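One structure is given below, encoded as structure tokens.
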Amino acid sequence: MKKFIAVTFAIACLFGCGKKETENLEQKMVSPETKQTEASPRGDLGFIKNEQGFIVHMKDIKVLLKHLSSSINQQNWEAIKQDTKKLKEASPVAFTGANKKDLPAEFINLDVKFHMSAQELIGACQEKNKDRATAAFFKVVNSCDECHAKYNPKEASTSWFQ
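So in the numbering used here, the last one in the sequence shown is 187, and the numbering has no gaps at all.
See below:
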């Protein structure tokens, strides 16, 4: 009986210690103080705690940006005001469902870039300046593209808004 348990345990360890565990070990600590990790080169999304919810929120942002693009082109400033208010509240970091300290530092940096470009867009829209709003809109889209290139290579470009 002991031999059977020992053999079963050995087989379980042999087959159970596969790629997933070694891939998790490939993450490097970026900051020991904050305990943030750097994502593996393939853009592992294991840090997203509620993947379904995250996808829904990202699709909401996509729809919002499509609407915002046409509102800017039409100079519909009231619709733009509503859309930018929603955009300001959007947060890919919050949508992961994880604590900030558990997220890859690069993901957080891309989220900050998204928010900074969104703030620039909000300011341009408050001035009702179509040219500035258009330029700032493309900065928001570019921040999305950067994050998608790293973490969602299937949809690396947000060329959908055109």
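C-beta: ideal position from N, C-alpha, C; glycine also. Owing to the predicted nature of the structure, the values given are computational and were not obtained by experimental measurement.
1. Once the 5 residues before and after Thr159 are set aside, which same chain residues still bring their CB inside 7 Å of it?
2. Which first and last residues belong to the alpha helix (DSSP H) in which Thr109 is found?
3. Determine the contact status of Phe139 and Phe79, defining contact as a CB-CB distance below 8 Å.
4. Work out the CA separation of Asn134 and Glu171 for me, nearest whole Å.
5. Taking the alpha carbon of Gly71 as the point to measure from, which residue in Lys111, Ala123, Asp85, Glu114 has its own alpha carbon closest?
6. Considering Cα atoms alone, identify which of Ala149, Ala161, Pro117, Glu152 is closest to Lys87.
7. Quick one, are the C-beta atoms of Lys111 and Ile147 less than 8 Å apart?
8. Alpha carbon to alpha carbon, what distance is there between Asn101 and Ile162?
9. For the alpha helix (DSSP H) containing Phe120, list its first residue and its last residue.
10. Does the beta-carbon of Val166 have 16 or more other beta-carbons within 10 angstroms, so that it is buried, or is it exposed?
11. Do you know how far the Cα of Ser142 is from the Cα of Ala168?
12. For Ala91 versus Cys150, is the C-beta distance shorter than 8 Å?
13. Buried or exposed for Pro178, please, with buried defined as at least 16 other CB atoms from any protein chain shown within 10 angstroms of its CB.
14. Measure the alpha-carbon distance for Leu93 versus Glu180 and round it to whole angstroms.
A quick look at the data gives this:
1. Taken in chain order, the residues that qualify are Ile97.
2. Per DSSP, Thr109 belongs to the alpha helix (DSSP H) from 102-114.
3. No; because the gap between Cβ atoms is not below 8 Å, this pair is not in contact.
4. Rounded to the nearest whole angstrom, the CA to CA distance from Glu171 to Asn134 is 11 Å.
5. When only C-alpha atoms are compared, the closest one is Ala123.
6. Per the Cα distances, Pro117.
7. Not a contact, by the Cβ cut-off of 8 Å.
8. At residue 162 the sequence reads Phe, which differs from the Ile that was named. Straight-line Cα distance between these residues: approximately 15 Å.
9. Here the alpha helix (DSSP H) through Phe120 covers 117-120.
10. With 16 or more other CB atoms across the displayed protein chains lying within 10 angstroms of its CB, Val166 is buried.
11. It should be noted that the sequence gives Ser, not Ala, for residue 168. So the two alpha carbons sit approximately 8 Å from each other.
12. This sequence places Lys at residue 91; Ala is not what is there. Not closer than 8 Å, so no.
13. It counts as exposed.
14. The straight-line gap from Cα to Cα measures roughly 20 Å.
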